[in-house]
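As structure tokens, the structure follows; a few thoughts come after it.
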Amino acid sequence: KQIEEHVANGETVTVEDLCRFPTTHEGHCYRKSNYSSAAAEEHEAKAAAHELLLDGSGTPRDAKTCVFIDTVVADNDTRGPSNFVKEQNNIIGSLADGKAEIIPDLPHTVNNNNNEFHALMEKDPTFRGRQALTNVRVKSIQADITAAVKAYHPHVGNSMERAKCLKQLGAIIKHHCGDHSRCDQVKFCTYSQVKSDHPDWTEEQIREESQKKSKRQKSIMDLSEWGISVLERIIAKRFNAKTIDKIAKCRSSNRCEGFWSELVKLSEGKRIQGCGTDLWLSMVELCYCMSGNQRQNIKKTKQELSELLNVFYTPIKNKACDIMKKKADKDYARKASESGKRKRQMAKLSLDHRMGKDANKSKHHKSEKVPLTKMKKSKVDKCTKCGQHGHKTRECVVLKAPNKQKKQLFDWGGRVVSRDEYEPRFKRHKPRQYDWS
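Residues in the sequence shown are numbered consecutively from 63, following our numbering.
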């Protein structure tokens, strides 16, 4: 409003002038902090842990209303999940050690691997081309990684199955280069399937038959041993012996993403959040009731609301609802099909390219802020200064001990001879005199 008043008076307001306008205004301010919606997530995670475990007065909630989260499924783009788990431990204490665990999101982890492949293609042109990495090739590698991880999902924790999964992940790049010496599992390789079915065939016959059966592109990558090792290190960076058990649980946060997308449609957006009023909270509760269960909860929520409000559907309304449901089911089936997904993907890529967003996309959001190896189980923070639990070292109120005084290397009041000047300085505790002349 202040900017509009200055513009109405004929003044020119530039971006540099925005900082001179105060943020105070009339009425109640619903803005909690100066953080953006992405940065505020890390700080609001602590507040969420407080509200789930403690009431407004700071006392623990009873057994009916107290909520302790033992499994957090999220991507590693922010420190919000780790802050949430740590805050739970700080409130409860050492009794919560090892109770809560952060599990990485499988689709986000695979997409982060793809993003690094695309970044490598932009950085080094030798990895870009028909016989190297392409968009279709990256999608094929993504499908192979997902298939190998999902095959290990029913056997998580088994050392033999873990070794087979890691070996299959290490064979993917060689497989796309035409080298099937590491392809031990027949179900992941068409070449190995044909070879096992026809052991008396030659290599040329097996290659021709596998190309006919394969539904993917017929060309293979032509990379050197160094190029193959670069791509294998990118895959092993995320899918290794330390992280594969968590990733293989195949958890996904797509329901949470769908909840937010539905909430954005019904409210003023994720950044404005309905000014924090009761309308915003009502929209949050409504979207929570309607989300999940493959759109069945939408119908159930509408029925329960109509019964509470004593509003019932007429035969005309029921007929219209049946027509809308038939159309919605048809649209849902079309959008969920492979052709529908492909069309949406191509439309998004073409729109981003025409608007110049594909080149600047990496600057808007920083992915993989937290390494997968840092997503461990919950543990109470221990201060390295005072040795007490419940706070970090930088938050400790204990005074820091004074630094030890460094011992002088020379005695400035005396004299040093040439023999002592060039001798090895392994006796640093003894002062050496200096010749002031």
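Positions of the beta carbon are idealized from the N, C-alpha and C atoms, including for glycine. Fair warning: this is a prediction, and the values are worked out from it, not measured in the lab.
Task: Selection from N176, D159 and L157 that minimises the alpha carbon distance to F301 - done: Answer by Cα proximity: N176.
Task: Distance, V147 Cα to K299 Cα - done: 25 Å
Open item on the list: At the level of alpha carbons, what is the spacing between P166 and I306?
Closed with: Near 10 Å, if we compare the C-alpha coordinates of I306 and P166.
TODO: Give me the Cα-Cα distance between E88 and V373, rounded to the nearest whole angstrom.
DONE: In this structure, the straight-line span from the alpha carbon of E88 to that of V373 is close to 39 Å.
Open item on the list: Between the alpha carbons of L367 and N380, how many angstroms are there, rounded?
Closed with: Looking at the two C-alpha atoms, the distance is approximately 16 Å.
Open item on the list: Quick check: A210 and F250, are their CB atoms within less than 8 Å of each other?
Closed with: yes
TODO: Whole angstroms is fine: what's the gap from D391's alpha carbon to L413's?
DONE: 27 Å
Open item on the list: For the structure I just gave you, are there three or more beta carbon pairs, one from the stretch 230–237 and one from the stretch 196–211, closer than 8 Å?
Closed with: yes
Open item on the list: DSSP three-state label for V459, please.
Closed with: coil
TODO: Have a look at S276 and C318 and give me their C-alpha separation to the nearest angstrom.
DONE: 36 Å
Open item on the list: Does the contact criterion of 3 or more C-beta pairs under 8 Å hold for the stretch 153–162 versus the stretch 123–135?
Closed with: yes
- [ ] Would you list the one or two residues that DSSP bridges to V135?
- [x] I165
Open item on the list: For the alpha helix (DSSP H) containing F321, name the first residue and the last one.
Closed with: N316 to L328
TODO: Please name the residue or residues paired with L216 in a DSSP beta bridge.
DONE: Looking at the sequence provided, one finds Pro at residue 216 rather than Leu. Looking at the DSSP assignment, P216 forms no beta bridge with any residue, so it has no partner.
Open item on the list: Assuming M283 and H215 are in contact, meaning their beta carbons sit under 8 Å apart, how far apart are those beta carbons, in whole angstroms?
Closed with: M283 to H215, Cβ: 28 Å. No contact.
TODO: Taking only the alpha-carbon atoms, compute the straight-line gap between K444 and G219 and give it to the nearest angstrom.
DONE: 30 Å
Open item on the list: By the three-class DSSP mapping on this structure, what secondary structure does H68 have?
Closed with: helix
Task: L328 burial status per 10 Å Cβ neighbour count (16 or more: buried) - done: exposed
- [ ] Thinking Q150 and A102 are a contact (beta carbons under 8 Å), I'd like their distance in whole angstroms, please.
- [x] With a Cβ gap of about 19 Å, Q150 and A102 do not count as contacting.
TODO: Check whether the Cβ atoms of Q247 and Q230 lie closer than 8 Å to each other.
DONE: yes
Task: C-beta atoms of V172 and T196 nearer than 8 Å - done: no
Open item on the list: By the DSSP assignment, the alpha helix (DSSP H) with S144 in it spans what residues?
Closed with: G142 to I154
Open item on the list: If distances are taken between C-alpha atoms only, which option among K311, R295 and Y350 comes closest to G320?
Closed with: Y350
Task: Option in K304, G240, K361 and V459 with minimal Cα separation from R269 - done: G240
Task: Rounded separation between S344 and L115 - CA only - done: 22 Å
Task: With 16 other Cβ atoms within 10 Å as the buried cut-off, status of T264 - done: exposed
Task: Helix, strand or coil at K444 [DSSP, three-state] - done: strand
Task: Nearest-angstrom Cβ-Cβ length linking S156 and H453, presumed shorter than 8 Å - done: For S156 against H453, the beta-carbon gap comes to about 14 Å, at or over 8 Å, which does not count as contact.
Task: P261 - DSSP class collapsed to helix/strand/coil - done: The answer is coil: DSSP assigns P261 none of H, G, I, E or B.
Open item on the list: Report the start-end ranges of each beta strand (DSSP E) in the stretch 359–418 that is 3 residues or longer and not cut off at the edges.
Closed with: none
Task: R404 versus Y394: straight-line alpha-carbon distance, rounded - done: 15 Å
Open item on the list: Which of the three DSSP states is assigned to L195 in this structure?
Closed with: strand
Task: Three-state secondary structure (DSSP) of P122 - done: strand
- [ ] Measure the C-alpha to C-alpha separation of M222 and Q407 and round it to an integer number of angstroms.
- [x] 38 Å
TODO: Assign P377 to buried or exposed, taking buried as 16 or more other Cβ atoms, counted over all protein chains shown, within 10 Å of its Cβ.
DONE: exposed
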